[in-house]
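One structure is given here, and the rest of the page talks about it.
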Amino acid sequence: MILIGEFLSNDEIDKKRYEWEFHDKNFQAMSKNLRPLIKVLDFQVQSHHKDLLDGFRFIQEIFQSEKSLTDIKFSDFPIETIPAHLKQYLIEKEQETNEGDPQTKFIHPHRFEFCVYDQLNKNIAANKIYASDTTQYKNFEDDIKLKKTQKEKKKLLNSLDAPRLNRTAEEVLDELELELETRIKEVNEHISGGKNKYIKIKSAGNQRTWTLPYQKKSDEYNNPFYNQLGITSLVDIIFSVNDKLHFMKPFTNIKSHYAKTQNDFKGLCACIIANATCLGTYKMGDSSDIPYTFLQAIEQNLIRFETLREANDIVSDGFSRLPIYPHYNLGNQLHG
């Protein structure tokens, strides 16, 4: 009701205040799911981030000793761990009881507990807090034992039997450059002397050029039988197969009456080729004597999943009856 009153009176609503009031009411979720973990988990930080764990260690000590935050005095809370912009929601002043008495402060214990969890979550995500006994949140430097490696660097490098690792980068690069220059000279001498049979040298006046002679691709994977066949257009093949199998019959118009594209074999053939070759009906209409609008009508009215599947079954069944069909078996089995 207070929230509705603030809204109706056009007062500025502090949404954060109501969020923290929710955490007060939802404290049982924290006590049930998070407190058991806080008692046993151990987190680490770098030396310059030690203060990030003050709040965590405070509530961990309280819960491990089976105490309650509600029994802790305000002065015992690590107030410095609370971000400045959140103190107004976690710390409040009690009203004066006697005239002239100073106001005393008190802290919302459940809000403070949630604040610790929230800050812990953010710092873990930012890689400022880590847990060495985990795989996902382990500190990288601890994982590779960086400090130990730095102290025993020379000893480790000597034991690896890798002389280049004991030298500076400049020395290694100079050595590699010398090796490269030597190899370049050797390669040039082999080419000039004709020792490299894989290089073809051409001379034109005072200029000499070299190329790599590319061998013609082998035709061993192509059966010589196919070289005896003439080149036939797709249209002629479709016409010939249709004469034998009549696979065009399933392409009926979705409209039962007044269908102009019902029996247009030429247009249907053009649509099939256009889609099979990824040319598309638009380019097919642009490059042929059949208008695009007519091809579009055929594609929309005749070519459907059902008609394509039925036509494909007719062609597949026809191929399976050919004498050459068993020769395409793999491992004496139909298609392997």
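For the sequence shown, the tail end lands on 338 under our numbering, and the numbers increase by one without skipping. We put the beta carbon where it would ideally sit given N, CA and C, even for glycine. Here the structure is a predicted model, which is why all the values come from computation and not from measurement.
Keeping to the same chain, check which residues put their C-beta closer than 6 Å to that of residue i; ignore five residues upstream and five downstream.
i, result
"residue 256", "303"
"residue 339", "Past the boundaries of the shown model lies residue 339; the chain is included only from 3 to 338, so the question cannot be answered."
"residue 41", "65 and 66"
Using the Cα positions of residue i and residue j, report the straight-line distance between them to the nearest angstrom.
i, j, result
"residue 16", "residue 142", "41 Å"
"residue 68", "residue 38", "11 Å"
"residue 285", "residue 295", "12 Å"
"residue 56", "residue 155", "35 Å"
"residue 248", "residue 335", "29 Å"
"residue 338", "residue 279", "Because the pLDDT at residue 338 is just 46, under 50, the model does not fix this residue reliably, and the point stays unresolved."
"residue 282", "residue 318", "24 Å"
"residue 157", "residue 62", "42 Å"
"residue 91", "residue 36", "22 Å"
"residue 311", "residue 291", "28 Å"
"residue 207", "residue 234", "49 Å"
"residue 174", "residue 130", "37 Å"
"residue 327", "residue 273", "28 Å"
"residue 54", "residue 134", "16 Å"
"residue 293", "residue 287", "5 Å"
"residue 167", "residue 184", "23 Å"
"residue 205", "residue 177", "35 Å"
"residue 309", "residue 216", "48 Å"
"residue 171", "residue 277", "59 Å"
"residue 74", "residue 20", "24 Å"
"residue 59", "residue 86", "20 Å"
"residue 23", "residue 34", "19 Å"
"residue 230", "residue 289", "31 Å"
"residue 228", "residue 251", "31 Å"
"residue 194", "residue 179", "23 Å"
"residue 165", "residue 226", "59 Å"
"residue 268", "residue 241", "10 Å"
"residue 187", "residue 330", "54 Å"
"residue 266", "residue 324", "29 Å"
"residue 181", "residue 126", "49 Å"
"residue 305", "residue 138", "54 Å"
In chain order, what residues of the same chain have a beta carbon less than 8 Å from the beta carbon of residue i, not counting five sequence neighbours either side?
i, result
"residue 237", "271 and 275"
"residue 214", "200, 201 and 202"
"residue 112", "25, 26, 29, 32 and 71"
"residue 209", "none"
"residue 243", "249, 317 and 320"
"residue 160", "168"
"residue 81", "89, 93 and 109"
"residue 128", "none"
"residue 140", "132, 133 and 134"
"residue 198", "189 and 192"
"residue 212", "193, 201, 202, 203 and 204"
Assign residue i to buried or exposed, taking buried as 16 or more other Cβ atoms, counted over all protein chains shown, within 10 Å of its Cβ.
i, result
"residue 136", "exposed"
"residue 192", "exposed"
"residue 118", "buried"
"residue 232", "exposed"
"residue 299", "buried"
"residue 253", "buried"
"residue 196", "exposed"
"residue 132", "buried"
"residue 115", "buried"
"residue 332", "exposed"
"residue 301", "buried"
"residue 239", "exposed"
"residue 322", "exposed"
"residue 84", "buried"
"residue 313", "buried"
"residue 297", "buried"
"residue 245", "exposed"
"residue 163", "exposed"
Is it the case that the CB of residue i approaches a heavy atom of the ligand ATP more closely than 7 Å?
i, result
"residue 45", "As far as ligands go, the structure on display features none, and thus does not contain the ligand ATP."
Who are the Cβ neighbours of residue i in its own chain at under 7 Å, not counting the five residues just before and after it?
i, result
"residue 109", "76, 79, 92 and 93"
"residue 51", "130"
"residue 18", "91"
"residue 307", "none"
Stretch-stretch touch, CB-based, cutoff 8 Å, three pairs: the stretch 115-131 with the stretch 45-58: yes
Inside the stretch 31-96 only - beta strand (DSSP E) runs reaching at least 3 residues: 93-95
Every unbroken beta strand (DSSP E) inside the stretch 155-211 [3 residues or more]: Correct list: 202-206.
Complete alpha helix (DSSP H) runs within the stretch 247-299 (minimum length 4 residues, chain order): 267-278 and 283-289
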